[in-house]
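Undergrad:
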Amino acid sequence: MDAILFLIFAAIAVGCAINLVRQTHPIASAISLIGVMCSLAVLYLLLGAEFIAAAQVIVYAGAIMVLFIFVIMLLNAGAEPARGKSWVAPLLGLPALVALAALLAYFLFRSMPGSPAVRFGDFTLGGPRPVGEALFTKYLLPFEVTSALILIAILGAVVLARKELD
Amino acid sequence: MNFYLVSLIKTAVVAAALMTSLAYLQWIERKVLAHIQLRMGPYRVGPHGLLQPLADVIKLLTKEDLIPAHVNKALYLLAPFLGVAVALTAIAVIPFGPKVEIFGVETYLQLTDLNIGVLFLLALSGLGVYAIALAGWSSNNKYSLLGGLRSSAQMISYELPLAFAIASPLLLLNTLSLRAIAESQSGFSYGFLPNWSIFQGPFPQLLAFAVFLVAAFAETNRLPFDLPEAENELVAGFHTEYSSMKFALFFMSEYCNMITMCALGTHLFLGGWNPPLPPGWLVVKSIPCLIFLSAAAVLFFHASQAARGRKWDRYTYPVFGLAALALAIIFLIPPLQPVLHPIFWFVAKTGLLLFLFIWVRGTLPRFRYDQLMRFAWGRLFPVSLVNLFATALLVALFK
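In the order they appear, the protein sequences are chains H and C.
At position 134 of the first sequence (counting the first as 1) the number is 134 in our numbering, and the numbers step up by one without a gap.
If you count the second sequence from 1, you need to add 1000 to reach our numbering.
(1) Run through chain C and tell me which residues come within less than 7 Å of leucine 74 of chain H, C-beta to C-beta.
(2) Helix, strand or coil for serine 971 of chain C per DSSP?
(3) Note down the Cα distance separating leucine 1249 of chain C from serine 1138 of chain C, rounded to an integer number of angstroms.
(4) Under 8 Å between the Cβ atoms of leucine 1290 of chain C and alanine 1324 of chain C?
(5) Pick helix, strand or coil for glycine 1401 of chain C, following the three-state DSSP scheme.
(6) Determine whether the Cβ of valine 21 of chain H lies closer than 8 Å to any Cβ atom of chain C.
(7) Pull up the DSSP beta-bridge partners for phenylalanine 1097 of chain C, would you.
(8) Pull the bridge partners of isoleucine 1067 of chain C from the DSSP assignment, please.
(9) Taking only beta-carbon positions, decide if proline 81 of chain H is within less than 8 Å of chain C.
(10) For isoleucine 1102 of chain C, which three-state DSSP category applies?
(11) Note down, in chain order, each residue of its chain lying with its Cβ closer than 7 Å to the Cβ of leucine 1114 of chain C, except the 5 sequence neighbours on either side.
(12) Start and end of the alpha helix (DSSP H) containing valine 1347 of chain C?
(13) Would you mind reading off the limits of the alpha helix (DSSP H) that contains glutamate 1159 of chain C?
(14) Could you list the residues in the stretch 1145-1177 of chain C with a C-beta less than 7 Å from some C-beta on chain H, going in chain order?
(15) Quick one: list the residues of chain C neighbouring valine 42 of chain H, beta-carbon separation under 8 Å, in chain order.
(16) By a C-beta neighbour count over all protein chains shown, 10 Å radius and 16 as the cutoff for buried, is serine 111 of chain H buried or exposed?
(17) Establish whether the CB of isoleucine 27 of chain H and some CB of chain C are separated by less than 8 Å.
(18) Kindly indicate the opening and closing residues of the alpha helix (DSSP H) around glycine 93 of chain H.
(19) So with Cβ pairs under 8 Å, would you call alanine 61 of chain H a contact of chain C?
(20) What does a CB cutoff of less than 6 Å around aspartate 992 of chain C pick up in its chain, not counting 5 residues either side in sequence?
(21) Look at serine 1384 of chain C and valine 1211 of chain C and say whether their C-beta atoms are less than 8 Å apart.
(22) Between glutamine 1337 of chain C and glycine 1272 of chain C, is the Cβ-Cβ spacing less than 8 Å?
(23) Can you grab the Cα-Cα spacing for the pair cysteine 38 of chain H / phenylalanine 1225 of chain C, in whole Å?
(24) What residues of chain H sit near isoleucine 1451 of chain C, judged by a beta carbon separation below 9 Å?
(25) Measuring CB to CB, does leucine 168 of chain H end up less than 8 Å from valine 36 of chain H?
(26) Going by beta-carbon coordinates alone, are histidine 25 of chain H and alanine 79 of chain H separated by less than 8 Å?
(27) Considering only residues of the same chain and omitting the five flanking positions on each side of serine 32 of chain H, which have a CB-CB separation below 6 Å?
(28) For the stretch 1124-1134 of chain C against the stretch 1080-1094 of chain C, do three or more pairs of beta-carbon atoms, one drawn from each stretch, fall closer than 8 Å, so that the two count as touching?
(29) So which residues of chain C does phenylalanine 70 of chain H contact, with C-beta pairs closer than 8 Å?
(30) Just verifying my parser: in three-state terms, what is the DSSP assignment at glycine 62 of chain H?
(31) DSSP on alanine 1236 of chain C, reduced to helix/strand/coil?
(32) Against chain C, with Cβ distances strictly below 8 Å, would isoleucine 154 of chain H count as a contact?
(33) Verify whether the separation of the beta carbon atoms of glycine 127 of chain H and glutamate 50 of chain H is less than 8 Å.
(34) Show which residues of chain C have a CB atom less than 9 Å away from the CB atom of valine 57 of chain H.
(35) Going by Cα to Cα distance, which pick from C/Ile1116, C/Tyr1317, C/Val1071, C/Val1057 is closest to lysine 1142 of chain C?
(36) Distance, Cα to Cα, leucine 151 of chain H vs alanine 157 of chain H?
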């Protein structure tokens, strides 16, 4: 059951990702990205990470992508005109893509040998309580440093935007 | 096998109850609004317009289903279904009562309990924005687009105070599962004050409840925050180009979101299905019965008056009076009480909140758009943030 669900949602994620690149209209691409994120959330859920799954949908699908769509709608961006496509690109690109994926898989496999295969239902520390405990005890410093980093980024964005206005 | 059968029965019951309450919520809203404005409201179809929802459904189903030529067809069709699917899914995690035994089968009065129940509802409400934004955009109409833009900006803005207002009682209750939230608010302090989170120490969540209600109005696009469908500016906003059943789906999702928000508020702040008075007091057991008895008394009194309304009121008043009387008697039967009383209190609290939604709609005028945004970021957001910090500090010090 878990394996079937995994295959279904993995296929949806990959299909949406390909559609994201192939679409010419920004709104269609953004919606494909939402599809990718929601199916990733289901994959997290299958692996037992409920909190991460909920956070994925709330933050990525619910907040960030709404902003994306809002901006696209506000700019009223239309479909990109199809410029004269070169026939060389798919001819060279597709084999190159396959080769790159194979190389990546090979090196990942080489660098991490002997790790046991993932089994669904083994991991039970994905609830809000274990995640919170880990964040505020073991990983407190990285967590706080990340927050400071995001704060600095926000301040930077505000400063840059203000300069534009003057 | 037993589990699947019980789940199937529960799903069927909840779906039927939800659909009926969706239809009749609209009837109640029209009636209440009409009485606020000194009108009669729906009165022609059936006794006191009681069959009006049925007539509306038939009307909407048989209307011509137009798809304008200039729309982006895929997204135009996707938007209403997305909205209603997200809205209906939310009811799956809402509990209606504690563990009960019906015909020897022990079950929870809830479809499913997630340990991230509250987050699940937040995630669904985040996805619900897309239905409105995409409907506005794909209609390819400037009024629809403006409605969609307004709604996405408004819902992002009000999601923050809403999330903070939800987080504050969670600090007191210490769980994200809605069932555990309701269970942990049972009991009474000082012998009479219910342990609901709006009364619970160390920091009663009255402020959070107020912020939650305001943000819930905005999240469900209700007056005074219904800018996405402001009729006098935007025709009908994001659903201008929708007709027939697709239009009805938007309405269904709006009312369903209202019910979910009110149920969430009931569980987070008003103690879920727990009664407001200690069990030692005799009144608690008889309150539902007394309410239905008084309803029956009012109906019988009207039946005895000379026929002022339509001529079949002579029969409908006694019939509904008898129905209320039967309900009052059912609530007195001891073996049914552990099942019916929690449901009664849950429905009563949720119904009160829903009435508040309708009452506010009949009372307050619409905000202007800049006022709406300034209110969210300048007032509601700081208040909810301060409330969250105060709660966190007091919980850390005293709990």
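Just so you know, even glycine gets a beta-carbon here, dropped at the ideal spot from N, CA and C.
TA: Let me lay it out:
(1) Leu1149
(2) Examination of residue 971 of chain C is not possible in this model, given that chain C is present from 1001 through 1399 alone.
(3) 16 Å
(4) no
(5) Nothing in the structure corresponds to residue 1401 of chain C, since chain C is present only between 1001 and 1399.
(6) no
(7) Rather than phenylalanine, the amino acid found at residue 1097 of chain C in this sequence is glycine. DSSP output for glycine 1097 of chain C lists C/Leu1109 as bridge partner(s).
(8) None; isoleucine 1067 of chain C has no bridge partner.
(9) no
(10) strand
(11) Val1093, Phe1120, Ser1177
(12) 1337-1363
(13) 1142-1173
(14) Leu1145, Gly1148, Leu1149, Ser1152, Ala1153, Ile1156, Leu1176
(15) Within 8 Å Cβ-Cβ: nothing; valine 42 of chain H doesn't reach chain C, min ~12 Å.
(16) exposed
(17) yes
(18) 88-111
(19) yes
(20) Residue 992 of chain C falls outside the range modelled here, since chain C spans only 1001 to 1399, and no answer is possible.
(21) yes
(22) no
(23) 29 Å
(24) Given a span of 1001 to 1399 for chain C in the structure shown, any question on residue 1451 of chain C remains unanswerable.
(25) Outside the shown range of chain H, which is 1 to 166, sits residue 168 of chain H, and nothing can be said about it.
(26) yes
(27) Cys16, Asn19, Leu20
(28) yes
(29) Ala1133, Leu1149, Ser1152, Ala1153, Ile1156
(30) helix
(31) coil
(32) no
(33) yes
(34) Leu1119, Phe1120, Leu1122, Ala1123, Leu1124, Gly1126, Leu1127
(35) C/Val1071
(36) 10 Å
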